[in-house]
Structures are given as C-alpha cells and as structure tokens.
Amino acid sequence: AQKITQTQPGMFVQEKEAVTLDCTYDTSDPSYGLFWYKQPSSGEMIFLIYQGSYDQQNATEGRYSLNFQKARKSANLVISASQLGDSAMYFCAMREGYLTGSNYQLIWGAGTKLIIKP
Amino acid sequence: DSGVTQTPKHLITATGQRVTLRCSPRSGDLSVYWYQQSLDQGLQFLIQYYNGEERAKGNILERFSAQQFPDLHSELNLSSLELGDSALYFCASTSTGANVLTFGAGSRLTVL
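These protein sequence lines are chains A and B, in that order.
My numbering applies: residue 362 is where the first sequence begins, and numbers increase by one.
My numbering applies: residue 5 is where the second sequence begins, and numbers increase by one.
See below:
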C-alpha cells in the first residue's frame with residue numbers, strides 16, 4: 362500500500378492566490394515526521410517545512426504552513442499569496458520512527474506539479 | 005547553496021560502463037544519504053552512511069556500491085550500467101539528531 366499519497370498530479374493557480382497541496386500518509390508508527398520539499402525545474406530538492414507527529418501546533422515557515430490533521434492522516438501544504446517562483450514540483454515525504462533516531466529514510470509521494478499563472 | 009556538493013552535475017555514458025558520483029556533505033554533518041529519482045519509480049532511498057559506516061540500505065542494486073571516507077565525503081559507484089539507470093542521483097546530509105535532510109543539487113546520469 363502507498364505510504365504517501367499525493368492525489369493531485371498537477372495544479373494551476375492564479376498568482377497571489379493561496380494554494381493547498383494534498384498529502385495523506387499511512388503509518389502505524391506513533392512517532393513520525395512529515396516533510397515538504399520543492400523541486401524547481403533546475404532539479405535541486407529544497408526543504409520547505411517539517412511537522413513531527415507529536416507537535417501540538419501546525420508548522421509554519423513564512424508563506425508555507427502545514428495543515429496537519431492527525432486523525433485523518435493528512436498533512437497538506439498551504440502556500441499563501443502564491444508567486445510565479447512557486448512553480449515547481451512539490452513532494453510530501455515521511456520518516457517513521459524519528460524519535461528512536463535510527464531511521465532517517467524518507468518515503469516519498471509521487472509529487473504535485475504546481476504552475477502559477479500570471 | 006545548500007552546502008551539500010555533488011559532482012558531476014551531468015554525466016552521459018554508455019551501457020556497460022562504470023561511473024562514480026561524489027558527494028561532500030554540509031560541514032559538520034556525519035550522515036550521508038543517497039537517493040535515486042527516476043521517471044518511472046520516483047524518489048527511492050538507496051543507502052545511508054554515518055561517520056564512515058553503512059547505517060541503512062534501501063533499494064540499492066548489487067551493481068551499485070557506496071562508501072563514506074574519513075573526511076566524510078561519499079562516493080556512489082554504479083557499474084554495468086543499463087538504460088534504466090538513467091536518473092537524477094541525490095546526495096543528502098544531516099547532522100546527528102536533526103530531522104531535516106539537506107539535499108545537494110543532484111547528479112543527472114544519462115545512459116545511452
């Protein structure tokens with residue numbers, strides 16, 4: 362079964378609008394971390410935001426926020442006031458067992474291609 | 005600049021050949037990870053090293069091998085290359101106890 366599911370292969374959004382990228386995950390481990398990375402057309406993988414399973418508050422980093430709904434096992438990325446430079450692939454990823462410190466492997470979703478229209 | 009350096013950025017070679025990809029982690033990071041990103045399989049974890057020792061193995065083929073040297077740089081060796089090995093190979097590093105992996109810019113391998 363897919364551990365990380367990103368149901369939106371692609372999205373078009375008007376510049377300055379907010380956008381939500383969906384991510385659902387599947388794990389039986391009580392301690393896990395959820396990550397969002399951005400991959401522009403140039404190819405590099407850029408870290409955006411992180412949420413730990415025991416974190417009480419939703420993570421925020423500038424224009425990025427993570428809508429973490431633990432019961433629904435969803436970790437959607439919200440980008441406020443989108444910009445042309447936000448056009449890229451966005452990947453959701455999960456790391457299980459992070460409290461034990463032993464497993465740093467990331468499990469990745471298939472990604473969502475976001476295109477911001479001027 | 006993420007601080008993780010990968011060379012070469014692009015590499016074109018023929019089937020059956022062998023290549024070596026190099027990675028220098030961020031200063032102070034002891035852990036190095038290798039990931040493969042291909043069109044058909046997405047991002048896959050290959051292998052992790054911590055301070056010179058292999059820590060975890062993922063979907064790494066037997067034709068592939070890696071090592072981490074005393075100066076903490078790492079090399080990924082790919083041999084008997086096949087067309088399907090064409091991919092973007094990422095190196096990432098992290099410091100002990102940190103949650104976030106920092107990725108290099110990747111090495112794009114094309115096998116013809």
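Just so it is clear, CB atoms sit at the ideal spot from N, CA and C, and this is done for glycine as well.
Taking A/E457 as the centre and dropping the five residues before and after it, the same chain places the C-beta of T388, D390, Y393 and N464 closer than 7 Å to its C-beta, in chain order. When beta bridges are read from the DSSP output, B/Q10 appears opposite B/C27. In the displayed model, B/L85 falls within coil according to three-state DSSP, outside both helix and strand. Three or more beta-carbon pairs drawn from the stretch 41 to 53 of chain B and the stretch 61 to 72 of chain B are found closer than 8 Å, and the two stretches are therefore classed as touching. Contacts with chain B at 8 Å (Cβ-Cβ) include A/W469. With respect to chain A, the C-beta atom of B/R30 has no partner C-beta closer than 8 Å.
Counting C-beta atoms within 10 angstroms of its own C-beta, B/F73 has fewer than 16 neighbours from the protein chains shown and is therefore classed as exposed.
Assignment of A/G413 by DSSP, reduced to helix, strand and coil, places it in the strand class.
Among the bridge pairs identified by DSSP, B/V104 is matched with none. Under the Cβ criterion of 8 Å, B/V36 is not counted among the residues facing chain A.
Judged by beta-carbon spacing, B/D33 lies within the 8 Å limit of B/S97, meaning their Cβ atoms are closer than that value. For B/Y93, the closest C-alpha among the options B/R26, B/R59 and B/N55 is that of B/R26.
Contact annotation: A/F452 and A/Y386 have beta-carbon atoms that are not nearer than 8 Å. In terms of CA proximity to B/C95, A/G404 leads the group A/F396, A/I365 and A/G404.
For A/L445 against A/I407, the beta-carbon gap comes to about 16 Å, at or over 8 Å, which does not count as contact. In this structure, B/G20 places its C-beta atom within 8 Å of the C-beta atom of B/S84.
Counting every other CB atom within 10 Å of its CB across the protein chains shown gives B/L87 a total below 16, marking it as exposed. Membership of A/A436 in the beta strand (DSSP E) is indicated by the continuous run S435 to I440.
Collapsing the DSSP output to three states places A/L445 in a helix. In the structure shown, B/E66 falls within a coil segment according to DSSP collapsed to helix, strand and coil. Taking 8 Å as the threshold, the shortest C-beta distance from A/Q466 to chain B falls below it.
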